[in-house]
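For reference, the structure discussed in these notes is given below.
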Amino acid sequence: MAVKGVGELDRQYNGADLRVGIVHARWNAQIIEALVNGSIKKLQSMGVQDKNIVIESVPGSFEVPWGSKRLIDRQKARGEPLDVIISVGTLIKGSTMHFEYIADATTKALMNLQEKVDIPVIFGLLTCLSEEQAMARAGIDPGHTMHNHGEDWGAAAVEMAAKFGPNAF
Amino acid sequence: MAVKGVGELDRQYNGADLRVGIVHARWNAQIIEALVNGSIKKLQSMGVQDKNIVIESVPGSFEVPWGSKRLIDRQKARGEPLDVIISVGTLIKGSTMHFEYIADATTKALMNLQEKVDIPVIFGLLTCLSEEQAMARAGIDPGHTMHNHGEDWGAAAVEMAAKFGPNAF
Amino acid sequence: MAVKGVGELDRQYNGADLRVGIVHARWNAQIIEALVNGSIKKLQSMGVQDKNIVIESVPGSFEVPWGSKRLIDRQKARGEPLDVIISVGTLIKGSTMHFEYIADATTKALMNLQEKVDIPVIFGLLTCLSEEQAMARAGIDPGHTMHNHGEDWGAAAVEMAAKFGPNAF
Amino acid sequence: MAVKGVGELDRQYNGADLRVGIVHARWNAQIIEALVNGSIKKLQSMGVQDKNIVIESVPGSFEVPWGSKRLIDRQKARGEPLDVIISVGTLIKGSTMHFEYIADATTKALMNLQEKVDIPVIFGLLTCLSEEQAMARAGIDPGHTMHNHGEDWGAAAVEMAAKFGPNAF
Amino acid sequence: MAVKGVGELDRQYNGADLRVGIVHARWNAQIIEALVNGSIKKLQSMGVQDKNIVIESVPGSFEVPWGSKRLIDRQKARGEPLDVIISVGTLIKGSTMHFEYIADATTKALMNLQEKVDIPVIFGLLTCLSEEQAMARAGIDPGHTMHNHGEDWGAAAVEMAAKFGPNAF
Chain A
1 MAVKGVGELD RQYNGADLRV GIVHARWNAQ IIEALVNGSI KKLQSMGVQD KNIVIESVPG
61 SFEVPWGSKR LIDRQKARGE PLDVIISVGT LIKGSTMHFE YIADATTKAL MNLQEKVDIP
121 VIFGLLTCLS EEQAMARAGI DPGHTMHNHG EDWGAAAVEM AAKFGPNAF
Chain B
170 MAVKGVGELD RQYNGADLRV GIVHARWNAQ IIEALVNGSI KKLQSMGVQD KNIVIESVPG
230 SFEVPWGSKR LIDRQKARGE PLDVIISVGT LIKGSTMHFE YIADATTKAL MNLQEKVDIP
290 VIFGLLTCLS EEQAMARAGI DPGHTMHNHG EDWGAAAVEM AAKFGPNAF
Chain C
339 MAVKGVGELD RQYNGADLRV GIVHARWNAQ IIEALVNGSI KKLQSMGVQD KNIVIESVPG
399 SFEVPWGSKR LIDRQKARGE PLDVIISVGT LIKGSTMHFE YIADATTKAL MNLQEKVDIP
459 VIFGLLTCLS EEQAMARAGI DPGHTMHNHG EDWGAAAVEM AAKFGPNAF
Chain D
508 MAVKGVGELD RQYNGADLRV GIVHARWNAQ IIEALVNGSI KKLQSMGVQD KNIVIESVPG
568 SFEVPWGSKR LIDRQKARGE PLDVIISVGT LIKGSTMHFE YIADATTKAL MNLQEKVDIP
628 VIFGLLTCLS EEQAMARAGI DPGHTMHNHG EDWGAAAVEM AAKFGPNAF
Chain E
677 MAVKGVGELD RQYNGADLRV GIVHARWNAQ IIEALVNGSI KKLQSMGVQD KNIVIESVPG
737 SFEVPWGSKR LIDRQKARGE PLDVIISVGT LIKGSTMHFE YIADATTKAL MNLQEKVDIP
797 VIFGLLTCLS EEQAMARAGI DPGHTMHNHG EDWGAAAVEM AAKFGPNAF
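So the protein lines, in turn, are chains A, B, C, D and E.
Residue numbering for the first sequence is 1 to 169, as defined by my numbering.
Residue numbering for the second sequence is 170 to 338, as defined by my numbering.
Residue numbering for the third sequence is 339 to 507, as defined by my numbering.
Residue numbering for the fourth sequence is 508 to 676, as defined by my numbering.
Residue numbering for the fifth sequence is 677 to 845, as defined by my numbering.
Put into structure tokens, the structure is as follows:
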């Protein structure tokens, strides 16, 4: 019995016509890079074309929601509006309370961003208590104990855009 | 003396004319399936017609509020507007802080969704500290120690739609 | 020296012209009933007429903010707009995190409701760590150790409606 | 080296032309009275005229944000619009979770009120773990271990109104 | 392997045409001064002209979001609109719960401010559990154990303005 796990996709999705944005923080760069690459790989495997994947970075997680908002604006201004955006950051608990306040504000800002931009925002923020936890979720810990969570975000992006994106119905 | 428990319904409700949406996450699939089935069973027992129960899934709990919003949009676009939506997810505490941030943001997004869509949103999010807790609340733990909470959500959906839904007065 | 306690009312209030709504959850029904009755008794003692007290219930605390919003809508549609609403629920800590997320989201939703409906919303949500605490605050614990908090809410409703309600100035 | 402390005012302020509102809760009345008096004294010392200090009370801290909003509305309706408001309450940790939920919701409501009313809102909410802590911050503990924080709020009100109030530029 | 650290800037930025606002609290003045100076130094090193750096102070961190909003308003009214603002405060845990409620409300207000003013807001709020932590992050602890975080904020300001500011595309 597998209680955990997202289970099978409910149907096959084809990302061939989708435009996907990725905005990622640069703090904890090695982890971020693995996560973003995981997302890209999954997007490609679901048919999203390379020319339709737009990637931009911001310094830290606090900048991710506004960066996501503005990348959406920019692509709209260019006549190439996004169908979905993946917002990626990695927060690791430190000795001050910075982690807690940033994590909470960023999560809620990404949640609320959706109604403002009217496209799905995929939550790619790791909120970990140690570097080891973050590396495991990026698929780059020594023992490879977990899969690369970026792949989940890529799959969620295609599904959400196809099912509930601006051109879904 | 029974302090706990929702007590009797305050009156009989007839769901025969109601359209009910269900958006559920797919993480923790077995638990979700039991909860959704519990909701459906209760809706049917209160007169909701099968053709008026619209179900859609999203990957995880973070996607549930936006998915709920868009299912409401979609059904409106189809000329079959929902009277109420049940938003279902199951979050289980893990080793990072993912549970805490997602649970809080999702709960508030579902609460706030109501004023944007102007229909009641029934809170079907389990926020459990263990799989055992979640299974018990879905009515599928070995000892069947609790009832299926999905049934409560089905009953709440019919009541809230009949009492405070878009066509209630 | 009595540091705690709301102290004396700052002036006498007459509720004879006020319309007061009460929306209450039904979970923890015995406690809720005592609280609502406490509010009603206080409203009456301050001159509010029985015909001007409108009561409606919802299943649980999560439903209280939206139910409050819609009772206000309904009474406006009926040409009998409310001057103030008392929103009542009782949450008791259980073994999952349900209590924490519902309590926080409901408190903030009731706070924020005020600017949307432009009438005062009286906070009648008990957020207790045990049934004993809740019973004490409803004035129904065996030792009658505390007064019925519903009375405070009734008094606050008349004061806030008279001082800051839609017809106060 | 004095790391803590607000330091010197960055310049001299003259409150002679400012209208200042004070809305305070009445719970913990002795503490509140000292705090409000501290604010008034400071306002006077910075040139605010007595006729331009408008004071109103509400029952508890939850009522402070809406009361503040409505006092601003009222003074505008009277043709005597406020330049700034000081919102005062004292919350002391009790045995239930009431303190935590009220404190958080009230703090955020006061923060957010500013953009709705377009004048500065001075945060005069004490969130203390004991009566002793609250009395100390009101300058009325036996040992007079701290200064009256209401004075800080009075000074902040004049500064913020002069610098960033509705008539500041 | 350097898991932590913002890594290299993704490209070179030229701040020569940018207008940058800084709003800072005055509590914990020595720390604040170091942080603000760190930001200014970095801004200058990235080409921002001194005449285009506008600095204003407020009493405490709670005043920072509204102060930031109004400095943006003021500079717009003067025909010298800001491209980005750095919002600086230092909160240090004390014996009451003041730190927690202010930190959370201020963080979220700064996050949400961005969509209202449509320029990036750089998060310069330290939320520390001790003075030592704050001094280290301002680069002024005895051992100089950390770099001055104000420099990061200066760099983030130029990058965010150039990449996602009002004149970026």
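Note that beta-carbon positions come from the ideal geometry of N, C-alpha and C, so glycine has one too.
What's the gap between the Cα of residue i and the Cα of residue j?
i: GLN720 of chain E; j: GLU827 of chain E; result: 11 Å
i: ILE140 of chain A; j: ALA34 of chain A; result: 7 Å
i: SER771 of chain E; j: VAL257 of chain B; result: 40 Å
i: ALA25 of chain A; j: LEU129 of chain A; result: 18 Å
i: GLY631 of chain D; j: LYS245 of chain B; result: 46 Å
i: GLU791 of chain E; j: ILE761 of chain E; result: 13 Å
i: ALA779 of chain E; j: ILE768 of chain E; result: 9 Å
i: GLY481 of chain C; j: GLU418 of chain C; result: 41 Å
i: VAL834 of chain E; j: PRO842 of chain E; result: 12 Å
i: ILE547 of chain D; j: VAL740 of chain E; result: 23 Å
i: VAL217 of chain B; j: TRP322 of chain B; result: 14 Å
i: LYS220 of chain B; j: THR465 of chain C; result: 40 Å
i: ALA330 of chain B; j: ARG695 of chain E; result: 52 Å
i: THR90 of chain A; j: ILE410 of chain C; result: 44 Å
i: LEU789 of chain E; j: ALA274 of chain B; result: 18 Å
i: VAL54 of chain A; j: PHE840 of chain E; result: 15 Å
i: PHE606 of chain D; j: VAL205 of chain B; result: 36 Å
i: GLY353 of chain C; j: SER568 of chain D; result: 22 Å
i: MET215 of chain B; j: TYR270 of chain B; result: 35 Å
i: ALA307 of chain B; j: HIS149 of chain A; result: 27 Å
i: GLY545 of chain D; j: GLN706 of chain E; result: 27 Å
i: GLY190 of chain B; j: ALA156 of chain A; result: 21 Å
i: MET111 of chain A; j: MET787 of chain E; result: 13 Å
i: GLU131 of chain A; j: SER564 of chain D; result: 51 Å
i: ALA136 of chain A; j: ALA474 of chain C; result: 49 Å
Please determine, among the options, the residue with the shortest C-alpha to C-alpha distance to residue i.
i: PRO397 of chain C; options: B:SER226, B:ILE200, B:ASP179; result: B:ASP179
i: ALA303 of chain B; options: B:VAL253, B:ILE201, B:ILE191, B:GLY184; result: B:ILE201
i: VAL530 of chain D; options: D:GLY522, D:PHE671, D:PHE569, D:GLY574; result: D:GLY574
i: THR276 of chain B; options: C:LEU451, C:MET435, C:MET449; result: C:MET435
i: ASP17 of chain A; options: A:ILE122, A:LYS41, A:LEU82; result: A:LEU82
i: ARG746 of chain E; options: D:VAL561, D:ILE626, D:ARG581; result: D:ILE626
i: VAL121 of chain A; options: A:GLU131, A:ALA109, A:ARG74; result: A:ALA109
i: VAL455 of chain C; options: C:ARG412, C:GLU470, C:ALA474; result: C:ARG412
Give me whichever residues DSSP pairs with residue i in a beta bridge.
i: PHE292 of chain B; result: B:SER256
i: ILE92 of chain A; result: A:CYS128
Around the C-beta of residue i, are 16 or more other C-beta atoms found within 10 angstroms, so that it is buried, or is it exposed?
i: GLN688 of chain E; result: exposed
i: THR145 of chain A; result: exposed
i: PHE169 of chain A; result: exposed
i: LYS42 of chain A; result: buried
i: HIS316 of chain B; result: exposed
i: ARG78 of chain A; result: exposed
i: ASN535 of chain D; result: buried
Of all the beta strand (DSSP E) runs that stay within the bounds of the segment 7 to 38 of chain A, which reach a length of 3 or more residues?
-> 20 to 25
Ranges of the beta strand (DSSP E) found wholly within the segment 708 to 763 of chain E, counting only runs of at least 3: 729 to 734
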